[in-house]
Each structure stands twice: as structure tokens, then as C-alpha cells.
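Residue numbers (this note's numbering): 2 to 49. Glycine is no exception: its CB is placed at the ideal position from the N, C-alpha and C atoms. What you are looking at is a predicted structure, and each value in this text was computed from that prediction instead of being measured. A quick write-up on the structure given underneath.
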């Protein structure tokens, strides 16, 4: 039987970091932007 080389922990950590960055860029930033926009809109409506 051929033993498969286990990925080192560094490899896994690096993949997790890349994934985290992608998630933050793809989901968190648009979410924060829409949240701020909504709050500003509500503030503008109430300020009238």
C-alpha cells in the first residue's frame, strides 16, 4: 500500500487564511456597505 502524504498543518493554515480572505472580500464588505447605507438612509428620513 502506498502511504499518502498528509498535508502539513502549514498548508492547511494557508488554505484557511486564503478562504477567510475570500469570504471577507465577497460577503462581509458588501454586507457592511449595505448596512451603512441602510442606516444612513433611515437617519436621513428621520432627520427631515
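Which residues in the same chain have their Cβ closer than 6 Å to the Cβ of residue i, if we skip the five residues on either side of it in sequence?
i, result
"residue 37", "none"
"residue 10", "none"
According to DSSP, is residue i part of a helix, a strand, or is it coil?
i, result
"residue 9", "coil"
"residue 49", "coil"
Among the residues of its own chain, which have a CB less than 8 Å from the CB of residue i, if the five just before and after it don't count?
i, result
"residue 40", "none"
Take residue i and list the residues in its own chain whose beta-carbon comes closer than 7 Å to its own, dropping the five residues that flank it on each side.
i, result
"residue 29", "none"
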